[in-house]
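S.K.: The listed protein sequences derive, respectively, from chains A and B.
Oh and the first sequence: position 110 is 119 in the working numbering, straight run, nothing missing.
Oh and the second sequence: position 433 is 523 in the working numbering, straight run, nothing missing.
One structure, as structure tokens, below. Some questions next.
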Amino acid sequence: MLNVLFIEDDAIETMKLNRTVSKLQLKHKITEAKNGEEGLEFLKSDEVLPDIILLDLNMPKMSGIEFLEILKADPVLKYLPTIVLTTSENRADLLECYRIGIAGYVIKPLKYEDYEKKLESVFTYWQNNELVKA
Amino acid sequence: MDSKEVILLKKALERQKKARQQAERILEEKSKELYDASLHLKQTNKVLENLLDQKTAQIDNVFVNIIDPYLIMDLKGNIIKMNSAAEEFLGFSKEENIKLTELIHPDYKEYSKASFKSLYTTGLIKKFRPGIITKNNELKFIEVNGSLIKDKKGNISGAQGVFRDITAELEMKNLLNTQRQRLDIIVEHSPLGIWLTSKDTLIKVNNTMQKMLGYTEEELRSINPMEITSLESLNASKEYREKLIKGEIDEFSVVKKYLRKDGSSFSAKTTVSAVRNIKGELRYEVALIEDITHEIELEEEKKQLVKDLESSNKGLQEYAHIVSHDLKSPLRSISALTTWMYEDYKDKLDDNGVYNLKMMQDKVESMDKLIDGILKYSTIKSDNLDNSIVDVNEVVQEIKDIIFIPDHVTVKTANKLPTIYADRTKIHQLIQNFLSNAVVHIEREKGLVEVGCEDRGTHWEFSVKDNGVGIPKEYHEKIFKIFQSIGNKERSTGIGLSIVKKIIDLYEGKVWLQSEIGKGTTFFFTLKKQNENTTSN
Chain A
10 MLNVLFIEDD
20 AIETMKLNRT
30 VSKLQLKHKI
40 TEAKNGEEGL
50 EFLKSDEVLP
60 DIILLDLNMP
70 KMSGIEFLEI
80 LKADPVLKYL
90 PTIVLTTSEN
100 RADLLECYRI
110 GIAGYVIKPL
120 KYEDYEKKLE
130 SVFTYWQNNE
140 LVKA
Chain B
91 MDSKEVILLK
101 KALERQKKAR
111 QQAERILEEK
121 SKELYDASLH
131 LKQTNKVLEN
141 LLDQKTAQID
151 NVFVNIIDPY
161 LIMDLKGNII
171 KMNSAAEEFL
181 GFSKEENIKL
191 TELIHPDYKE
201 YSKASFKSLY
211 TTGLIKKFRP
221 GIITKNNELK
231 FIEVNGSLIK
241 DKKGNISGAQ
251 GVFRDITAEL
261 EMKNLLNTQR
271 QRLDIIVEHS
281 PLGIWLTSKD
291 TLIKVNNTMQ
301 KMLGYTEEEL
311 RSINPMEITS
321 LESLNASKEY
331 REKLIKGEID
341 EFSVVKKYLR
351 KDGSSFSAKT
361 TVSAVRNIKG
371 ELRYEVALIE
381 DITHEIELEE
391 EKKQLVKDLE
401 SSNKGLQEYA
411 HIVSHDLKSP
421 LRSISALTTW
431 MYEDYKDKLD
441 DNGVYNLKMM
451 QDKVESMDKL
461 IDGILKYSTI
471 KSDNLDNSIV
481 DVNEVVQEIK
491 DIIFIPDHVT
501 VKTANKLPTI
511 YADRTKIHQL
521 IQNFLSNAVV
531 HIEREKGLVE
541 VGCEDRGTHW
551 EFSVKDNGVG
561 IPKEYHEKIF
571 KIFQSIGNKE
581 RSTGIGLSIV
591 KKIIDLYEGK
601 VWLQSEIGKG
611 TTFFFTLKKQ
621 NENTTSN
């Protein structure tokens, strides 16, 4: 079971993820954060650190890239594998994310069925990985 | 008489005798001296006569041997004597009784009169330069130096003069003058400032330069260089000038800043060339000064424009990405909600409801494609071409692997496709557009799409041939315009061929088609061969 921090401002996107997890009967624990600031707040709190972070890029207040920069500058948090989950096919964004340091870059497909398939494989992949664990 | 008397008388006689003898001896001596003197005089006279003869002969010789023309005339101007050089020059012999005054060209008559007058009063004539007509009717210019001749009593008997042919000299001088005038015209009318110095002394500065600086030539002669240029500029050319003086270089060019009299300044390209003597020593420095303030301003303006353009381009691209993201996100939501509506309520929906949901999905899908197309179209720019070596056969295979090809359609290459130097992604986009268009518009039983290529020297000419429905002639131009879709298939957005056109434009190529309704269509496009050595396209 994975402990996942899901940073996403769009309510329907959140519904999509939750629906996917429940439909596939995955036992992962999903923590939602509405933007980068909320995400950081959670990470700095006493809560157990997540195993992976799923990060949207285009968000109000603190964008995904800004969040990523702060995360990677932190001596402890920088170890958290962060997978970008975005609609942006902008190559500049992609290069910038890999420059700062990400564990994956997943583009949200148009169709929900495709989304389910992609997310399932992402979860499967990270489940099979040895993780740092807090 | 007594004997005493006799003795006395005898003695007196004796004394007289002696005295006479003495007188005779003295006379004899004096005569001898006189004779000697007369002899000596005779000899001296003889020597003098000889000397005189010699001198006369010499003068005659001199007269004959004077190389320059020489003549003697009487008071009326009749030539009474002249040497052979004079005869040869004038073309007359002295026997012809020529009057010198008649040989003088009419234009010089007045001048001659005045000069002769001066000869009679001062006794001399110097640098008298008349034009004369020789026997051959040639106009010649001479320079005469001469003097009056007086007889023993001191009366003026005539004049003598030596003259020199200065015709060629004058012609040369005139020629030089003309050339100098011409040169001056060029120098003064040059759009470049011209500055000639010798050992730091100003020799000449043309009008243009004076106007540029606002100083007159006189003012510039006494001005300190620091007053017309900046120290920085002086230092900039210092090193070059040292090399120029040493003979290491013959020319250099620097951009200098000049200060005008009114305090304003301008930048000018200054080219300094060395003029050397035979020994290679620097005689003159010629500086050509071209005011390039305007050019520099233009250059700056250009740089600024390019910069603005770059940033606005970047902004636009950024904007295109943001807009596309913001449009695509809600599409994803609608798509998800539509799916869930079907999944959760399929039991409650009738056929019509299910159909409508499917239609919604289709519309969302085509809108998503349109947004993708607009984004691609707006990001095709020459400055982000990433050229590399591309095997087009591989590209076609890749496309075959990813696009939807109906079962009845075969895609093949007509001949082996080349390996070209281009942006792989763009070539992929290009061919994919043609192929995906071609494969879906075939209604016959066995569809065939063929990709071919011909080498056209400067360009590659590709062709994509299908045996599909064909395109009516009236659409042949229209289809390359943005948003023009002629297909009746739901899937075409109309942006595909305009993307194609834009990529082909980037590679300085052309695109055209041949089509026959019911038989098929062949699209042709050319791409200019890229030089691998240049980094940009």
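Note that beta-carbon positions come from the ideal geometry of N, C-alpha and C, so glycine has one too.
Counting pairs of Cβ atoms below 8 Å between the segment 124-143 of chain B and the segment 160-178 of chain B, do you hit three or more?
M.R.: Contact between the segment 124-143 of chain B and the segment 160-178 of chain B is absent, because fewer than three Cβ pairs lie under 8 Å.
S.K.: Could you please tell me which residues of the segment 117-133 of chain A, in chain order, have their CB closer than 9 Å to any CB of chain B?
M.R.: Lys117, Pro118, Leu119, Lys120, Tyr121, Glu122, Tyr124
S.K.: Name the DSSP beta bridge partners of glutamate 540 of chain B, please?
M.R.: B:Lys502, B:Lys555
S.K.: At a CB distance below 9 Å, what residues from the segment 439-457 of chain B approach chain A? Give them in sequence order.
M.R.: Residues passing the 9 Å Cβ filter: Gln451, Val454, Glu455.
S.K.: How would you label aspartate 437 of chain B, buried or exposed, when you count the other beta carbons within 10 angstroms and need 16 or more for buried?
M.R.: exposed
S.K.: If you draw a straight line from the C-alpha of isoleucine 585 of chain B to the C-alpha of lysine 466 of chain B, how long is it?
M.R.: 10 Å
S.K.: DSSP state of aspartate 274 of chain B, grouped into three classes?
M.R.: helix
S.K.: What are the boundary residues of the alpha helix (DSSP H) that includes aspartate 481 of chain B?
M.R.: No alpha helix (DSSP H) contains aspartate 481 of chain B, which is instead part of the beta strand (DSSP E) from 477-481.
S.K.: Taking the C-alpha atoms as reference points, what is the distance between lysine 568 of chain B and lysine 591 of chain B?
M.R.: For lysine 568 of chain B and lysine 591 of chain B, the gap between their C-alpha atoms comes out near 12 Å.
S.K.: Whose C-beta lies closer than 6 Å to the C-beta of lysine 43 of chain A among residues of the same chain, with five residues either side of it excluded?
M.R.: Asp18
S.K.: In whole angstroms, what is the alpha-carbon distance linking tyrosine 160 of chain B and threonine 134 of chain B?
M.R.: 36 Å
S.K.: Please report the straight-line C-alpha distance between glutamate 341 of chain B and serine 280 of chain B, rounded to a whole angstrom.
M.R.: Here the C-alpha atom of glutamate 341 of chain B lies approximately 20 Å from the C-alpha atom of serine 280 of chain B.
S.K.: Let me know the secondary structure DSSP gives threonine 224 of chain B once reduced to three states.
M.R.: coil
S.K.: List the residues of chain B that threonine 96 of chain A touches, going by C-beta distances under 7 Å, in chain order.
M.R.: Those are His415, Lys418, Ser419, Arg422, listed as they occur along chain B.
S.K.: Quick check: is the beta carbon of leucine 334 of chain B nearer than 8 Å to any beta carbon in chain A?
M.R.: no
S.K.: If you drop the 5 nearest sequence neighbours on each side, which residues of the same chain put their C-beta closer than 6 Å to that of serine 553 of chain B?
M.R.: Gly542, Thr612, Phe614
S.K.: Measuring only between beta-carbons, confirm whether isoleucine 21 of chain A sits less than 8 Å from chain B.
M.R.: yes
S.K.: Could you check which residue in B:His411, B:Lys101, B:Ile386, B:Ile594 has the C-alpha nearest to that of isoleucine 517 of chain B?
M.R.: B:Ile594
S.K.: Here's the rule: buried if 16 or more other CB atoms are within 10 angstroms of the residue's CB, otherwise exposed. What is lysine 189 of chain B?
M.R.: Classification for lysine 189 of chain B: exposed.
S.K.: So, is the C-beta of lysine 70 of chain A closer than 8 Å to a C-beta in chain B?
M.R.: no
S.K.: Answer yes or no: do histidine 549 of chain B and lysine 618 of chain B have a C-beta to C-beta separation smaller than 8 Å?
M.R.: Yes.
S.K.: Residue range of the beta strand (DSSP E) that glutamate 78 of chain A falls in?
M.R.: Where glutamate 78 of chain A is concerned, there is no enclosing beta strand (DSSP E), although the alpha helix (DSSP H) it sits in stretches over 73-82.
S.K.: Looking at the structure shown, is asparagine 44 of chain A part of a helix, part of a strand, or coil, going by DSSP?
M.R.: coil
S.K.: Between which residues of its own chain and glycine 213 of chain B is the CB-CB distance below 8 Å, once the five residues before and five after are set aside?
M.R.: Ser237, Leu238
S.K.: Which value, in whole angstroms, describes the spacing of the CA atoms of valine 628 of chain B and asparagine 267 of chain B?
M.R.: Since the first residue shown for chain B is 91 and the last is 627, residue 628 of chain B is missing from the structure and cannot be characterised.
S.K.: Check the Cβ-Cβ distances between asparagine 27 of chain A and every residue of chain B, and say whether any is below 8 Å.
M.R.: no
S.K.: Let me know the secondary structure DSSP gives threonine 133 of chain A once reduced to three states.
M.R.: helix
S.K.: Return the first residue and the last residue of the alpha helix (DSSP H) that arginine 28 of chain A is part of.
M.R.: 20-32
S.K.: At which residue ranges does the segment 441-478 of chain B contain complete alpha helix (DSSP H) runs of 4 or more residues, listed in the order of the chain?
M.R.: The segment 441-478 of chain B contains these whole alpha helix (DSSP H) runs: 441-469.
S.K.: So, is leucine 137 of chain A buried or exposed, given that buried needs 16 or more other C-beta atoms within 10 angstroms?
M.R.: According to the sequence displayed, residue 137 of chain A carries asparagine and not leucine. Label assigned to asparagine 137 of chain A: exposed.
S.K.: Return the CA-CA distance between threonine 224 of chain B and proline 196 of chain B, expressed in angstroms with no decimal places.
M.R.: Threonine 224 of chain B and proline 196 of chain B: Cα-Cα distance of roughly 13 Å.
S.K.: Please give me, in chain order, every unbroken run of the beta strand (DSSP E) with length at least 3 that falls completely inside the segment 319-358 of chain B.
M.R.: 341-349
S.K.: Mark leucine 406 of chain B as exposed unless 16 or more other C-beta atoms lie within 10 angstroms of its C-beta, in which case mark it buried.
M.R.: So leucine 406 of chain B ends up on the exposed side.
S.K.: Which chain B residues are close to asparagine 44 of chain A, counting only those with a beta carbon under 8 Å from its beta carbon?
M.R.: Ordered by position in chain B, no residue passes the 8 Å Cβ test against asparagine 44 of chain A, which lies about 15 Å from the chain.
S.K.: Below 8 Å, how does it come out for the segment 72-91 of chain A and the segment 106-115 of chain A: are there three or more Cβ pairs, yes or no?
M.R.: Yes: at least three Cβ pairs fall under 8 Å.
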